[in-house]
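Residue numbers (full-length UniProt numbering): 1 to 279. Even for Gly, the Cβ is constructed at its ideal location relative to N, Cα and C.
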């Protein structure tokens, strides 16, 4: 990742990994997840983030900035059940507190507490009536307060506009800008804040301090990425490190070690046709 940045082909922030749970086989991004297990997903997230961000050549800086996404309970693409049409943009995930904490939040908690991730992405959906990117409870109380997250929070692309246009959470765009900024979303992947922030300022709905607080989080991560420092060890990682024989060997070994072989003992498969109980 740092080599790609050094070559001028990308920036030093990368929005990965996806650590949502694979709970519904119809979700189009299941292939990007570690699976359905909260603990395993947290272990995967921790290893991914630390391997991505940390370098023994310069332990005081980030090698690159990882982003755990999509926070949280974002495992649905499109549904027309129960006479209603829900999409990922207007879906409201009604989740019990126990399931939220034990299942859906667990990989993100590991990302923050064990992986020390420098970015989170809030999701399109609402959680128990509040859009993720406008939820002070999710972003401030839980992520920053309970888990100690100290990076920046970005929206999924278009999620901030969804707060107003899809969820209809506020009466005006300016009120959505206020709720998004004060909830703790620092970066807008889209144009919604840019379109309506000045109007929100002019109408007194937000103050410049609301914008300053968001900039502080973004620049803190940029400093950890050594953007304002003289060239250091990480700036010398060459583009030739990308897709090198060594890197391809690591990827090949990882795939091989992750494969699971199932043995069809005693001819258990295929299952017999017809009615009956499987288990």
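Item checked: Own chain, CB closer than 8 Å to residue 195, minus 5 neighbours either side, in chain order -> Along the chain shown, read from residue 1 onward, the residue named residue 195 stands at position 195. By the criterion of a C-beta distance shorter than 8 Å, residue 195 is surrounded in its chain by 173, once the five residues flanking it on both sides are discounted.
Margin query: Need the endpoints of the beta strand (DSSP E) that residue 68 sits in, please.
Written below: On the chain shown, residue 68 is found 68 positions in, with the first residue counted as 1. Per DSSP, the continuous beta strand (DSSP E) segment holding residue 68 begins and ends at 68-71.
Item checked: Inter-residue spacing [alpha-carbon to alpha-carbon] between residue 3 and residue 237 -> Here residue 3 is taken as the residue at index 3 of the chain shown, counted from 1. Here residue 237 is taken as the residue at index 237 of the chain shown, counted from 1. The alpha-carbon separation between residue 3 and residue 237 amounts to approximately 5 Å.
Check: To the nearest whole angstrom, what separates the beta carbons of residue 133 and residue 68, a pair I think is in contact under 8 Å?
Finding: Your numbering for residue 133 matches position 133 in the chain shown. Your numbering for residue 68 matches position 68 in the chain shown. No, residue 133 and residue 68 are not in contact; Cβ-Cβ is about 15 Å, not under 8 Å.
Next item on the list: Just mark residue 217 as buried or exposed, buried being the case when its beta carbon has 16 or more other beta carbons within 10 Å.
Entry: Taking the chain shown and counting its residues from 1, one reaches residue 217 at position 217. Buried, because 16 or more other Cβ atoms sit within 10 Å of the Cβ of residue 217.
Next item on the list: Just the C-alpha distance for residue 321 and residue 78, rounded to the nearest angstrom, thanks.
Entry: In this structure the chain extends from 1 to 279, so residue 321 is not present and cannot be described.
Next item on the list: Let me know if residue 144 comes out buried or exposed under the rule of 16 or more other beta-carbons within 10 Å of its beta-carbon.
Entry: The residue given as residue 144 occupies position 144 in the chain shown. Label assigned to residue 144: buried.
Next item on the list: Could you tell me how far apart the beta carbons of residue 75 and residue 20 are, in whole angstroms, since I believe they sit closer than 8 Å?
Entry: Residue 75 sits at position 75 when you count from the first residue of the chain shown. Residue 20 sits at position 20 when you count from the first residue of the chain shown. At roughly 5 Å, the Cβ-Cβ gap stays under 8 Å, so residue 75 and residue 20 are in contact.
Check: Which two residues bound the contiguous alpha helix (DSSP H) that contains residue 44?
Finding: Numbered from 1 along the chain shown, position 44 holds the residue referred to as residue 44. In the DSSP assignment, residue 44 falls within the alpha helix (DSSP H) that extends over 38-53.
Next item on the list: For the alpha helix (DSSP H) holding residue 139, just list the boundary residues, first then last.
Entry: Taking the chain shown and counting its residues from 1, the one referred to as residue 139 is at position 139. Where residue 139 is concerned, there is no enclosing alpha helix (DSSP H), given that its DSSP letter is neither H nor E.
Notebook entry, point to check: DSSP state of residue 243, grouped into three classes?
Noted result: By one-based count along the chain shown, residue 243 stands at place 243. Correct three-state label for residue 243: coil.
Check: Should residue 186 and residue 225 be called a contact, given that it needs their Cβ atoms to be closer than 9 Å?
Finding: On the chain shown, residue 186 is found 186 positions in, with the first residue counted as 1. On the chain shown, residue 225 is found 225 positions in, with the first residue counted as 1. No, Cβ-Cβ distance for residue 186 and residue 225 is not below 9 Å.
Checklist line | Length at least 3, wholly inside the region 100-165: the beta strand (DSSP E) runs in chain order | finding: Listed in chain order, the complete beta strand (DSSP E) runs (minimum 3 residues) inside the region 100-165 are 119-122, 152-155.
Notebook entry, point to check: With burial defined as no fewer than 16 other Cβ atoms inside 10 Å of the residue's Cβ, what is the status of residue 97: buried or exposed?
Noted result: By 1-based counting over the chain shown, the position of residue 97 is 97. Answer is exposed; the Cβ neighbour count stays below 16.
Next item on the list: Tell me whether residue 228 is buried or exposed, calling it buried when 16 or more other Cβ atoms sit within 10 Å of its Cβ.
Entry: For the purposes of this step, residue 228 is taken as the residue at position 228 of the chain shown. By the neighbour-count rule (16 or more Cβ atoms within 10 Å), residue 228 is not buried but exposed.
Next item on the list: Check whether the Cβ atoms of residue 107 and residue 45 lie closer than 9 Å to each other.
Entry: Residue 107 sits at position 107 when you count from the first residue of the chain shown. Residue 45 sits at position 45 when you count from the first residue of the chain shown. Yes, Cβ-Cβ distance for residue 107 and residue 45 is below 9 Å.
Next item on the list: Assign residue 88 to buried or exposed, taking buried as 16 or more other Cβ atoms, counted over all protein chains shown, within 10 Å of its Cβ.
Entry: Numbered from its first residue, the chain shown carries residue 88 at position 88. Around the beta carbon of residue 88, a 10 Å sphere encloses 16 or more other beta carbons of the protein chains shown; the residue is thus reported as buried.
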